[in-house]
Amino acid sequence: MVVRVENLGKVYGRKPALDGVSLAVAPGEIFGLLGQNGAGKTTLVKILLGLVAPTSGQAWLLDSPVGTAKVREKVGYLPEDHRLPEYHTGPNLLDFYGALQGVPGPVRARRIPELLGQLGLAGRERLKVRGYSKGMKQRLGLAQALLAQPRVLFLDEPTDGVDPVGRRHIRDLLLEERAKGVTLFVNSHLLSEMEQLCDRVAILKNGRIALTGTVADLTRQGDRWQLELASGESWPATLNLAAQEIGPSRYELVLAKDGDIDDVLRGLIGSGVKLRHLERMRSTLEDLYLDVAGGGGA
Amino acid sequence: MSQNSWWQRPSVFVAILGDSWRETRDSKVLYVLLGGIVLLLGVVLTARFEPIPGSKQYLQLAARACGVDTDGLDATSLNAMDMAGRLRGALYSLETSETVDDAEDLPGARWRVILRRQGIPLVGGRDTAEQVSERFGKIAEGRLFVVDSIEELEDRTTGLLGIQRWSLLVSAGRDLRVAWPHRMTLFLGVVPLTSDSGAPLGLQIFILYKLLTTGFGAWIMLLVGVVVTSFFVPNMIRKGTLELLLVRPIPRWRLLFYKYLGGLMFALVLLVALVGGAWVATGITAGLWSPTVLWAVPILLLFFGLLYSCSTLVAVITRAPVPAMLMTCLYWVALFIVGILHGQVEISRMESDPANKSQGISLTDLKMNRNGLGPRPRPRQPDRKPLYETTFGQVVESFHAVLPRDRDLDNLMDRQLVKDLALAGPLRDLTSRTGSSAVVGLGITLAHLGGFLFLACWIFSRRDP
Numbered sequence: 002m003v004v005r006v007e008n009l010g011k012v013y014g015r016k017p018a019l020d021g022v023s024l025a026v027a028p029g030e031i032f033g034l035l036g037q038n039g040a041g042k043t044t045l046v047k048i049l050l051g052l053v054a055p056t057s058g059q060a061w062l063l064d065s066p067v068g069t070a071k072v073r074e075k076v077g078y079l080p081e082d083h084r085l086p087e088y089h090t091g092p093n094l095l096d097f098y099g100a101l102q103g104v105p106g107p108v109r110a111r112r113i114p115e116l117l118g119q120l121g122l123a124g125r126e127r128l129k130v131r132g133y134s135k136g137m138k139q140r141l142g143l144a145q146a147l148l149a150q151p152r153v154l155f156l157d158e159p160t161d162g163v164d165p166v167g168r169r170h171i172r173d174l175l176l177e178e179r180a181k182g183v184t185l186f187v188n189s190h191l192l193s194e195m196e197q198l199c200d201r202v203a204i205l206k207n208g209r210i211a212l213t214g215t216v217a218d219l220t221r222q223g224d225r226w227q228l229e230l231a232s233g234e235s236w237p238a239t240l241n242l243a244a245q246e247i248g249p250s251r252y253e254l255v256l257a258k259d260g261d262i263d264d265v266l267r268g269l270i271g272s273g274v275k276l277r278h279l280e281r282m283r284s285t286l287e288d289l290y291l292d293v294a295g296g297g298g299a
Numbered sequence: 029m030s031q032n033s034w035w036q037r038p039s040v041f042v043a044i045l046g047d048s049w050r051e052t053r054d055s056k057v058l059y060v061l062l063g064g065i066v067l068l069l070g071v072v073l074t075a076r077f078e079p080i081p082g083s084k085q086y087l088q089l090a091a092r093a094c095g096v097d098t099d100g101l102d103a104t105s106l107n108a109m110d111m112a113g114r115l116r117g118a119l120y121s122l123e124t125s126e127t128v129d130d131a132e133d134l135p136g137a138r139w140r141v142i143l144r145r146q147g148i149p150l151v152g153g154r155d156t157a158e159q160v161s162e163r164f165g166k167i168a169e170g171r172l173f174v175v176d177s178i179e180e181l182e183d184r185t186t187g188l189l190g191i192q193r194w195s196l197l198v199s200a201g202r203d204l205r206v207a208w209p210h211r212m213t214l215f216l217g218v219v220p221l222t223s224d225s226g227a228p229l230g231l232q233i234f235i236l237y238k239l240l241t242t243g244f245g246a247w248i249m250l251l252v253g254v255v256v257t258s259f260f261v262p263n264m265i266r267k268g269t270l271e272l273l274l275v276r277p278i279p280r281w282r283l284l285f286y287k288y289l290g291g292l293m294f295a296l297v298l299l300v301a302l303v304g305g306a307w308v309a310t311g312i313t314a315g316l317w318s319p320t321v322l323w324a325v326p327i328l329l330l331f332f333g334l335l336y337s338c339s340t341l342v343a344v345i346t347r348a349p350v351p352a353m354l355m356t357c358l359y360w361v362a363l364f365i366v367g368i369l370h371g372q373v374e375i376s377r378m379e380s381d382p383a384n385k386s387q388g389i390s391l392t393d394l395k396m397n398r399n400g401l402g403p404r405p406r407p408r409q410p411d412r413k414p415l416y417e418t419t420f421g422q423v424v425e426s427f428h429a430v431l432p433r434d435r436d437l438d439n440l441m442d443r444q445l446v447k448d449l450a451l452a453g454p455l456r457d458l459t460s461r462t463g464s465s466a467v468v469g470l471g472i473t474l475a476h477l478g479g480f481l482f483l484a485c486w487i488f489s490r491r492d493p
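Sequence order for the protein chains is R and F.
Heads up, the first sequence is in this note's numbering, so the first residue is 2 and it goes up one at a time.
Heads up, the second sequence is in this note's numbering, so the first residue is 29 and it goes up one at a time.
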């Protein structure tokens, strides 16, 4: 496992931020951490990066205890609400962080223009960071996280302040990183983004994991289907199956098991009814999040 | 990806210094200050030092000194008994003196001198030409004149009366120009700064150095340095910036320490510009190159390092520049006040115990007393305890014992300057008087600096971001 956390706890003063959190992230996985403000997401990430010491429990990153210099060399991090030093130009800033990260000079010289190009920041090399828009700063922040070609990326709100085109761009870039074998650990409030990006998510509530699983499993709503028949057609009475009409020639079915839909289709065709649309119903991550994080219980 | 550990990567140090340098340049204050320094030095470059004709007093002094053993002469305890004990059994005097080839009577000239020795008639010994040649113009370790040639003027009659006469051809020794009175003007002669009788060139340069480097100039530089650099650490450790640094594979204390060194670099650039510029400008205008003034750079850098370490500690604790700035200034003022009060305690001790008069005296004190500016010995009031015996005096001394002494550092600089710019031995002798106090001062300063820095690094390493 790239990330392994066992019974992790953190208390600030008397206030518990994390309470018995356990999770694991596999190599090459995009793992999303969801939760309301103050749920403990950033604390968990900071513990994994060795920035904050846990009060109890243990955590490993790349099979080593968190916080060692050896591990940090292989990690990229984009914090939420980061404030890049504004007296640097983009390339200077990347060169500075690259040197601190231990990236050799020739590698920095090659990677920096490459990353600036990939993130749409080429042509602004002489502009100081104070002249950057919020979206540009976000992309520059992402560039510093990617510069050292890390094995694990921790991204806190990676598309915050970025326009939809830029967001799509960043999503594609992160998927490319995943394809290279990089593991991503993402915190975000943009649930639609997370749904498109993440393989697995966990929802933190009051410092505890309230729910975890793959996005596909969590958003599946049993075997609910919606069907649309050709205009003017109605549900054949010969089919011994109760379908609820939800609109003109539109029906919703709840089946007992996954394979029953094949029997329904055969029955419809046998009755001479023309099918125009068939869709398996899923709930969104947002529905799920609101149910879990927004609800009263954990 | 490099797998080297942080100590194998000097690029980290270079990167943080580079970052500090960019931050410094970005503040624009550096350029304003450098501009101010250039302007100031431009004014210095308009200064003119004109020697005032008149060698007589120095030739007379050199002649009289031939009859006195001036080695190790102590200016602070100089008295008639001392001088009497140093007489060599004959009195020397200058009979005539004139410049050679009708040259102007200035330090660059050569002089034909008739020197007269009055010994004890009939029984007294005689001095050889070699002895006179060696003694003439030498005062303690200083040399006003050198003898180029000497010839004894034989006269049987006067010889019987114990009189010897020599004709000497002399030229300026290495210290003559420093002692020679010069008239100083600014703006190419438009604004006179000295009276018509002038003042010794060495003294004028000494005052100029003091004004530009360890005095007024240093105060301005240090104050601006404290203000500007008090933003460096809080900027680095603010939320959102700090995390981007702490996630790197570098120990936290090293990040802070390197940032501290970056702040010192800011001060170093200014100090080198100010002190180096003052050295070059006075060298060009006065023709007097005293490299010891360059000691002001490390001495002032050390004091700035002390203030900046205090600023760093407060910044790490509060994460804000204003408290860092205020606390540092407060610390500085406290050191200054303790220094002033300690001076008063020392004076009270000297007044009470004459044996201590020559111990630990600073050049500043000496000058103040000589010019009548400083506190004069007051008649002892028997019903009143001297300050150093009071509780207040003891409290001041306790604080002074454990706090850094900026005045000691200042005196250290003075002593170095005196070596180049004082007339000769007597003042130079002062340089060895307060050596131990300067060493202790340096030690305490370094201890405070190290303590502040250690504490700052320790807190920074342990605290959650």
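Glycine included, C-beta positions come from ideal geometry on N, C-alpha and C.
Here the structure is a predicted model, which means the values were calculated and not measured.
| message | Using DSSP's beta-bridge definition, name the partner residues of Pro57(R). | response | Position check: residue 57(R) holds Ser in this sequence, whereas Pro was assumed. In the DSSP output, where bridge partners are listed per residue, Ser57(R) has Gly10(R).
| field | One or two residues paired with Arg145(F) in a DSSP bridge | value | Answer is Tyr120(F) and Gln192(F), bridged to Arg145(F).
| Residue burial classification, Asn38(R) (beta-carbon count within 10 angstroms, cutoff 16) | Taking a 10 Å sphere around the C-beta of Asn38(R), we find fewer than 16 other C-beta atoms and assign the residue as exposed.
| said: Can you check whether the C-beta of Gly51(R) is within less than 9 Å of a C-beta belonging to chain F? | reply: Gly51(R) counts as touching chain F.
| query | What number of angstroms, rounded off, separates the C-alpha of Leu329(F) from the C-alpha of Leu296(F)? | reply | Answer to the nearest angstrom: the Cα atoms are 7 Å apart.
| request: Decide yes or no for the touch test of the stretch 267–278 of chain R against the stretch 232–244 of chain R: beta carbon pairs closer than 8 Å, at least 3 of them. | output: Because the criterion of three Cβ pairs below 8 Å is met, the stretch 267–278 of chain R and the stretch 232–244 of chain R touch.
| Where the alpha helix (DSSP H) containing Phe259(F) begins and where it ends | First-last for Phe259(F): undefined, no H or E at that position.
| query | With 9 Å set as the bound, which would you pick, yes or no: does the beta-carbon of Ala243(R) sit closer than that to a beta-carbon of chain F? | reply | False, the Cβ-Cβ gap to chain F never drops below 9 Å.
| request: Drop a sphere of 10 angstroms on the beta-carbon of Ser232(R), count the other beta-carbons inside from all chains shown, and report buried for 16 or more, exposed for fewer. | output: The residue in question, Ser232(R), is exposed, as its Cβ has fewer than 16 Cβ neighbours within 10 Å.
| field | Opening and closing residue of the beta strand (DSSP E) in which Ile315(R) lies | value | Residue 315(R) is absent from the model: chain R starts at 2 and stops at 299.
| field | Per-residue burial, Glu196(R) [other beta carbons within 10 Å of its own, 16 or more giving buried] | value | Glu196(R) should be labelled buried.
| What's the C-alpha gap between Leu251(F) and Ala207(F)? | Spanning the alpha carbons of Leu251(F) and Ala207(F) requires a straight line of approximately 35 Å.
| query | Any Cβ of chain F within less than 9 Å of the Cβ of Glu338(R)? | reply | The requested residue 338(R) is not part of the displayed model; chain R covers only 2 to 299.
| Straight-line Cα distance separating Asp288(R) from Gly214(R) | Their backbone Cα atoms lie some 15 Å apart in a straight line.
| How long is the line joining the alpha carbons of Ala484(F) and Ser57(R), rounded to whole angstroms? | Approximately 27 Å between the Cα atoms of the pair.
| request: Within its chain, find whatever has a CB closer than 8 Å to the CB of Tyr359(F); leave out the 5 residues flanking it on each side and keep chain order. | output: Non-local C-beta neighbours of Tyr359(F) in its own chain, meaning closer than 8 Å and more than five positions away in sequence, comprise Leu335 and Cys338, ordered along the chain.
| message | Rounding to the nearest angstrom, what Cα-Cα distance links Thr156(F) and Gly95(F) in this structure? | response | Straight-line spacing of the CA atoms in Thr156(F) and Gly95(F) works out to 13 Å.
| message | When you compare the CB positions of Arg184(R) and Pro66(R), do they come within less than 9 Å of one another, or not? | response | Correcting the residue type first, residue 184(R) is Thr in the shown sequence and not Arg. Taking 9 Å as the cut-off, the Cβ atoms of Thr184(R) and Pro66(R) do not count as close.
| query | Who are the near neighbours of Leu523(F) in its chain, counting only those whose CB is closer than 7 Å to its CB and skipping five residues on each side? | reply | Nothing about residue 523(F) can be read from this structure; chain F reaches only from 29 to 493.
| Residue of Arg140(F), Gly201(F) and Ala429(F) minimising C-alpha distance to Gly165(F) | If we check each option's Cα against that of Gly165(F), Gly201(F) comes out closest.
| Quick one: what does DSSP say Val219(F) is sitting in, helix, strand or coil? | In the three-state reduction of the DSSP assignment, Val219(F) falls in the strand class, which pools E and B.
| field | Residue(s) in a DSSP beta bridge with Tyr78(R) | value | DSSP links Tyr78(R) through a beta bridge to Phe155(R).
| Along chain R, which residues have their Cβ under 8 Å away from the Cβ of Ile278(F)? | Against chain R, a Cβ distance below 8 Å from Ile278(F) picks out Ala70 and Leu101.
| field | Rounded straight-line distance, which links the Cα of Asp264(R) to that of Arg5(R) | value | Rounded to the nearest angstrom, the two C-alpha atoms are 44 Å apart.
| When the Cα atoms are used, what is the spatial distance from Lys71(R) to Ala306(F)? | Taking C-alpha positions only, Lys71(R) is separated from Ala306(F) by approximately 50 Å.
| field | Proximity below 9 Å, CB of Gly77(R) to CB of Ala149(R) | value | Their beta carbons are under 9 Å apart, which means Gly77(R) touches Ala149(R) by this criterion.
| Residue range of the beta strand (DSSP E) that includes Pro209(F) | Per DSSP, Pro209(F) belongs to the beta strand (DSSP E) from Pro209 to Leu214.
| Gly190(F) to Ile327(F) span [Cα, whole Å] | A straight-line Cα-Cα distance of about 55 Å links Gly190(F) and Ile327(F).
| query | Hey, how far is the Cα of Ser250(R) from the Cα of Ala211(R)? | reply | When rounded, the distance between both Cα atoms is 40 Å.
| Pro262(F) versus chain R: which residues are under 9 Å apart at the beta carbon? | The premise fails here: Pro262(F) is roughly 12 Å from chain R at the closest Cβ pair, so nothing lies under 9 Å.
| query | Where does Asp133(F) sit, in a helix, a strand or coil, going by DSSP? | reply | Three-state result, Asp133(F): coil.
| message | Between Ala54(R) and chain F, is the shortest Cβ-Cβ distance under 9 Å, so that the two count as touching? | response | For Ala54(R), the answer is yes, since a Cβ of chain F falls inside 9 Å of its Cβ.
| field | Whole-number beta carbon distance between Phe215(F) and Thr74(F), since they are thought to touch under 8 Å | value | Contact between Thr74(F) and Phe215(F) holds, since their C-beta atoms are separated by about 5 Å, short of 8 Å.
| Would you call the CB atoms of Glu87(R) and Val53(R) closer than 9 Å? | Result no, Cβ atoms of Glu87(R) and Val53(R) do not sit closer than 9 Å.
| Beta-carbon contacts of Leu298(F) that lie in its chain and below 6 Å, excluding the five residues immediately before and after | Excluding residues within five positions, the ones whose Cβ falls inside 6 Å are Leu61 and Met249.
| query | Is the stretch 192–206 of chain R touching the stretch 110–121 of chain R in the sense that three or more CB pairs, one from each, lie closer than 8 Å? | reply | Output reads no: the stretch 192–206 of chain R does not touch the stretch 110–121 of chain R.
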